[in-house]
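Novice: Add 1 to a position in the sequence shown, counting from 1, and you land on the number used in our numbering.
The C-beta atom is built at its ideal place from N, Cα and C for all residues, glycine as well.
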Amino acid sequence: MEDNTGLIRELVIANRILAREGVVDAFGHISVRNPNNPESYFISVSRAPELITVDDIVEFRLDGEPIGDLRGRTPYGERAIHGGIYEIRSDVNSVVHNHSQEVVPFAATNTLIRPLLHMSAPMGAHVPIWDIRDNFGETNHLVVTMEQGRDLATTLGENASALMKRHGCVCARRNIREVVMTAVYLQATAKMIMQAKLLGGEIDYLTPAEVDLCNVNQLGPLGLDRAWEYWVMRSSYKD
Ligand code: MN
Numbered sequence: 002m003e004d005n006t007g008l009i010r011e012l013v014i015a016n017r018i019l020a021r022e023g024v025v026d027a028f029g030h031i032s033v034r035n036p037n038n039p040e041s042y043f044i045s046v047s048r049a050p051e052l053i054t055v056d057d058i059v060e061f062r063l064d065g066e067p068i069g070d071l072r073g074r075t076p077y078g079e080r081a082i083h084g085g086i087y088e089i090r091s092d093v094n095s096v097v098h099n100h101s102q103e104v105v106p107f108a109a110t111n112t113l114i115r116p117l118l119h120m121s122a123p124m125g126a127h128v129p130i131w132d133i134r135d136n137f138g139e140t141n142h143l144v145v146t147m148e149q150g151r152d153l154a155t156t157l158g159e160n161a162s163a164l165m166k167r168h169g170c171v172c173a174r175r176n177i178r179e180v181v182m183t184a185v186y187l188q189a190t191a192k193m194i195m196q197a198k199l200l201g202g203e204i205d206y207l208t209p210a211e212v213d214l215c216n217v218n219q220l221g222p223l224g225l226d227r228a229w230e231y232w233v234m235r236s237s238y239k240d
């Protein structure tokens, strides 16, 4: 068995950061693919991210079946979101799902969230909107079957983020730090677009080429290491 101690510690820290930055609350989750077995991923059992410790992290196959003993604990009902994305995106090693109150109004009104700040670049030039109703009709809006998870993953496509109508969003990236950056600034971008709309006039967004250029910094050590150190300091995680 390979040692994933460092990776699991980073996943716990990411949970605390996402909570501190207001991206998740009682709900929402982050996972990381097992680098020693790409057919499985690590995620917490069903708890609020702010409360998660190393002991809460468990491993699942991509189809959502647990690897090892859950010891009576309840898994997240929506883990199909993670497995569905990992199945079709071999480039993705970390996934965030949340119900950001800043993000939800955009999907509700079919309004695209587009990058209007250089720091918005990690969310990608295009953020598609998924509606569970399209293929599953009226549901409780939870993504609980692999078919639903795969359907969401198909809408996400090659993008870094997708909105989920009447529900929230997903972000998918190469590693934990990148996906945290993506989720934090997707929410911040939603807030800024809302403010720009209040000012009126047409919003002048980044072009796709500018998004790529900005991501060299935002997803490189210049942006990522600096942000991570700051976020860890602000979070409730203590060594
Ligand atoms: Mn959800």
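#1: Should residue 29 be listed as close to ligand 1, given that the test is whether its C-beta is under 8 Å from any heavy atom?
#2: Might you give, ordered along the chain, the residues of its own chain that have their beta carbon closer than 7 Å to the beta carbon of residue 150, omitting 5 neighbours on each side?
#3: Using a 10 Å radius around the Cβ and a threshold of 16 neighbouring Cβ atoms, would you call residue 234 buried or exposed?
#4: Check whether the Cβ atoms of residue 31 and residue 95 sit closer than 9 Å, and answer yes or no.
#5: Cβ atoms of residue 61 and residue 76: under 9 Å apart, would you say?
#6: Could you check if residue 168 belongs to the surroundings of ligand 1, using beta carbon to heavy atom distance under 8 Å?
#7: Drop a sphere of 10 angstroms on the beta-carbon of residue 52, count the other beta-carbons inside from all chains shown, and report buried for 16 or more, exposed for fewer.
#8: Report the start-end ranges of each beta strand (DSSP E) in the region 28 to 73 that is 3 residues or longer and not cut off at the edges.
#9: Helix, strand or coil: which one does DSSP assign to residue 24?
#10: Classify residue 123 as helix, strand or coil using the three-state DSSP reduction.
#11: Can you look up residue 138 in the DSSP assignment and give me helix, strand or coil?
#12: What is the rounded straight-line gap between the Cα of residue 42 and the Cα of residue 89?
#13: Measure the C-alpha to C-alpha separation of residue 241 and residue 223 and round it to an integer number of angstroms.
#14: Grab the span of the beta strand (DSSP E) containing residue 98 for me, first residue to last.
#15: Tell me whether residue 143, by its Cβ, gets closer than 8 Å to a heavy atom of ligand 1.
#16: Rounded to the nearest angstrom, what separates residue 170 and residue 164 at their Cα positions?
#17: Once the 5 residues before and after residue 184 are set aside, which same chain residues still bring their CB inside 6 Å of it?
#18: Closer than 8 Å to a non-hydrogen atom of ligand 1 - does that hold for the CB of residue 103?
#19: From the DSSP output, read off the bridge partner residues of residue 174.
#20: Enumerate in chain order the residues of its own chain whose CB-to-CB distance from residue 122 is below 7 Å, with the five nearest sequence positions on each side excluded.
#21: Would the C-beta of residue 79 count as close to ligand 1, meaning under 8 Å from any of its heavy atoms?
#22: To the nearest whole angstrom, what separates the beta carbons of residue 142 and residue 178, a pair I think is in contact under 8 Å?
#23: Cβ of residue 100 versus every heavy atom of ligand 3: is any distance shorter than 8 Å?
#24: May I have the straight-line CA-CA distance separating residue 71 from residue 55, to the nearest angstrom?
Specialist: According to the structure data:
#1: yes
#2: 81, 82, 84, 85 and 144
#3: exposed
#4: yes
#5: yes
#6: yes
#7: exposed
#8: 30 to 35, 38 to 45 and 58 to 62
#9: coil
#10: helix
#11: coil
#12: 14 Å
#13: The question about residue 241 has no answer, for the chain in this structure spans 2 to 240.
#14: 95 to 99
#15: yes
#16: 4 Å
#17: 24, 97 and 172
#18: no
#19: 95
#20: 116, 207, 212, 215, 216 and 219
#21: yes
#22: Actually they do not touch by this definition, with Cβ atoms about 29 Å apart.
#23: Ligand 3 is not among the ligands present in this structure, which contains only ligand 1.
#24: 14 Å
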